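Below is one structure; the comments refer to it alone.
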Amino acid sequence: MIPNSHKIISVDNVSQLSESPLEESLVLCYGHFNVIHPGHIRFLQYAKSLGKKLKVAVLGDQSIAESQRSKYFHQMERAEGVASLHFVDLVYVLDKISLEDLSVHIKPSVLVLGKELENTHREDIKAAVYSIEKQNGKVIFHAGEVHYASADLLHGSQQDLESERKHLFLQANKRQGIDLAKLVAYIGNFSNSKILVIGDTIVDQYVACDAIGISAEAPVLVVKELETREFVGGAGVVAAHVKALGADCTFLSVVGEDENANLVGKNLQEQGIDVQLVGDSSRPTTFKIRYMVENQKLFRVSRLKEHSLSKKLKINSLKNCEKLRKITTEFSFVILYME
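So this is what it looks like as structure tokens:
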């Protein structure tokens with residue numbers, strides 16, 4: 001049995017398809033997909049981002065010119081390559097029917113085609129485009145562009161990251177004269193410790209960009225935003241490290257009453273940290289955005305207010321001082337984080 005065969009439908013007759021209403025979240029792609037390569041993956045991932053379901057139409061062997069068939073794998077092998085991608089929901093092998101026939105029956109809201117087909121003279125493609133637009137769908141031509149900045153900066157290889165961090169860690173130990181065996185022994189005692197971390201919460205956002213060039217209007221660098229990711233920083237990441245080392249950790253911080261505060265609370269709670277956040281409506285949760293091209297930081301934008309706590313918030317905090325004093329007597333250490 002072919003792996004992922006449950007995701008593959010070979011269609012040689014229109015009667016095999018049941019006509020459906022226009023499905024708003026359905027995206028349809030089309031191509032030969034002879035050997036799946038990074039360009040195909042980027043192309044299909046982009047298509048998936050446009051909806052909830054991704055169905056792919058693979059050109060059948062009968063639709064390929066006989067003189068060219070020897071250059072292609074069998075249609076079921078090509079379909080299996082596409083079906084092996086976890087984000088692809090269903091694969092149609094167009095054995096004896098056209099892309100237009102398929103489009104009319106499954107009614108996708110979006111049809112994504114390769115950029116090379118944008119100005120094609122092929123009548124079958126023109127007919128498919130016409131049928132999609134006639135049923136109020138959208139047709140997009142995409143090239144599966146390379147975005148190395150996004151992949152390298154925001155995700156990266158876990159193995160490479162671990163190797164780099166280990167190297168930096170050993171270098172730091174050497175510079176500071178730290179005995180690694182003693183350090184390991186100390187860390188082993190963390191599981192018996194209760195640690196309270198107090199400090200500023202920061203949400204760090206990294207924006208991966210492609211450099212386009214210099215603006216014609218002014219000497220300003222022009223970039224195209226590719227992808228963003230948010231991370232808990234400041235004292236929050238200190239608390240995460242404390243918990244990861246095995247300690248029972250409580251985190252206390254003043255934050256804004258906003259979505260970033262919710263993000264911090266949810267993220268740290270999921271790591272098993274006791275989160276005690278004090279909301280202050282007069283300030284946002286500190287938010288820092290870094291714009292990067294590949295591994296080069298272009299600039300940073302900070303969204304924060306540095307005024308003192310309001311009198312009301314101080315009074316409310318003082319009311320909790322006795323409770324805090326009782327709590328802190330239970331802790332082995334208290335870490336005060338200041339950036």
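Okay, so the sequence shown: first residue is 1 according to UniProt numbering, each after it adds one.
Each residue gets a CB set at the ideal place from its N, CA and C atoms; glycine is no exception.
Keep in mind that this is a model prediction, so the values were computed, not measured.
Inter-residue Cα distance where the pair is residue i and residue j
{"i": "LYS174", "j": "LEU180", "result": "9 Å"}
{"i": "ASN189", "j": "LYS288", "result": "34 Å"}
{"i": "GLY233", "j": "ILE8", "result": "45 Å"}
{"i": "GLU80", "j": "SER5", "result": "7 Å"}
{"i": "GLY246", "j": "VAL203", "result": "24 Å"}
{"i": "TYR148", "j": "GLN205", "result": "With a pLDDT of 46 at TYR148, under the threshold of 50, the modelled position of that residue is not reliable, and no figure is offered here."}
{"i": "GLY213", "j": "ARG290", "result": "19 Å"}
{"i": "GLU123", "j": "SER163", "result": "53 Å"}
{"i": "LYS182", "j": "ILE195", "result": "20 Å"}
{"i": "LEU26", "j": "HIS74", "result": "27 Å"}
{"i": "SER10", "j": "VAL184", "result": "59 Å"}
{"i": "ILE64", "j": "ASN136", "result": "30 Å"}
{"i": "PRO219", "j": "ARG303", "result": "25 Å"}
{"i": "SER70", "j": "GLY60", "result": "13 Å"}
{"i": "GLN271", "j": "LYS312", "result": "32 Å"}
{"i": "LEU94", "j": "PHE141", "result": "20 Å"}
{"i": "LEU117", "j": "HIS86", "result": "26 Å"}
{"i": "TYR92", "j": "ALA57", "result": "5 Å"}
{"i": "ARG42", "j": "ALA244", "result": "34 Å"}
{"i": "ALA143", "j": "ARG300", "result": "31 Å"}
{"i": "ALA172", "j": "ILE187", "result": "17 Å"}
{"i": "THR120", "j": "LEU298", "result": "40 Å"}
{"i": "PHE169", "j": "GLU24", "result": "50 Å"}
{"i": "LYS166", "j": "ILE178", "result": "15 Å"}
{"i": "GLU66", "j": "ASN260", "result": "59 Å"}
{"i": "GLN176", "j": "ILE273", "result": "30 Å"}
{"i": "PRO108", "j": "LYS314", "result": "57 Å"}
{"i": "GLN62", "j": "GLN68", "result": "11 Å"}
{"i": "PHE231", "j": "GLN296", "result": "18 Å"}
{"i": "SER157", "j": "GLY265", "result": "Unreliable placement is indicated for SER157, whose pLDDT of 48 sits below 50; the coordinate value is still reported in the next sentence. Their backbone Cα atoms lie some 27 Å apart in a straight line."}
Given residue i as reference, the closest of the options once Cα atoms are compared
{"i": "LYS53", "options": "VAL139, ILE8, LEU28 and ASN295", "result": "LEU28"}
{"i": "GLU77", "options": "SER67, GLU116 and ILE36", "result": "ILE36"}
{"i": "VAL82", "options": "LEU183, ALA261 and GLN45", "result": "GLN45"}
{"i": "GLU294", "options": "ALA235, SER282, ALA211 and VAL278", "result": "ALA211"}
{"i": "ARG229", "options": "LYS166, LEU263, LYS96 and LEU113", "result": "LEU263"}
{"i": "PHE33", "options": "LYS311, GLU306, SER84 and SER215", "result": "SER84"}
{"i": "LEU309", "options": "ARG303, PRO284 and ASP280", "result": "ASP280"}
{"i": "LYS138", "options": "GLN68, PHE231, LEU117 and LEU113", "result": "LEU113"}
{"i": "TYR72", "options": "PHE43, ILE178, GLY31 and GLU116", "result": "GLY31"}
{"i": "THR286", "options": "ASP248, GLU306, GLU118 and HIS40", "result": "GLU306"}
{"i": "SER282", "options": "ILE178, ALA261, ILE273 and GLY256", "result": "GLY256"}
Proximity below 9 Å, CB of residue i to CB of residue j
{"i": "LYS48", "j": "VAL88", "result": "yes"}
{"i": "GLN269", "j": "VAL275", "result": "yes"}
{"i": "ASN267", "j": "GLY236", "result": "yes"}
{"i": "LYS55", "j": "LEU90", "result": "yes"}
{"i": "ASP258", "j": "PRO284", "result": "yes"}
{"i": "GLY51", "j": "VAL110", "result": "yes"}
{"i": "ASP12", "j": "LYS96", "result": "yes"}
{"i": "ALA208", "j": "MET292", "result": "yes"}
Within-9 Å CB hit, residue i to chain D
{"i": "HIS142", "result": "Checking the listed chains, one finds no chain D in this structure; it contains a single protein chain."}
Distance cut-off 8 Å: residue i Cβ against heavy atoms of the ligand SAH
{"i": "GLY236", "result": "Within the structure as shown, the ligand SAH is missing, as the structure has no ligands at all."}
*asked:* Suppose only complete runs of 3+ residues qualify. What are the beta strand (DSSP E) ranges in the UniProt domain "Carbohydrate kinase PfkB" (193–322), listed by chain order?
replied: Along the length of the UniProt domain "Carbohydrate kinase PfkB" (193–322), whole beta strand (DSSP E) runs at least 3 residues long occupy 194–199, 201–214, 221–234, 248–256, 274–280, 286–293 and 296–303, reported in chain order.
_Using 8 Å as the cut-off, can you tell me whether the stretch 245–259 makes contact with the stretch 189–200, which would need three or more C-beta pairs spanning the two stretches below that distance?_
By the Cβ rule, the stretch 245–259 counts as touching the stretch 189–200, because three or more pairs are nearer than 8 Å.
*Just checking, does the stretch 235–250 make contact with the stretch 212–225 on the three C-beta pairs under 8 Å criterion?*
The stretch 235–250 vs the stretch 212–225: no contact.
*Segment contact flag, the stretch 124–132 with the stretch 101–113, C-beta cutoff 8 Å, min 3 pairs*: Pairwise C-beta distances place the stretch 124–132 in contact with the stretch 101–113, as three or more of them are shorter than 8 Å.
*Identify every run of the alpha helix (DSSP H) within the stretch 23–109, keeping only runs that are complete inside it and at least 4 residues long; order them along the chain.*
When DSSP assignments are scanned along the stretch 23–109, the uninterrupted stretches of alpha helix (DSSP H) that are 4 or more residues long and fall wholly within it turn out to be 38–48, 75–83 and 99–106.
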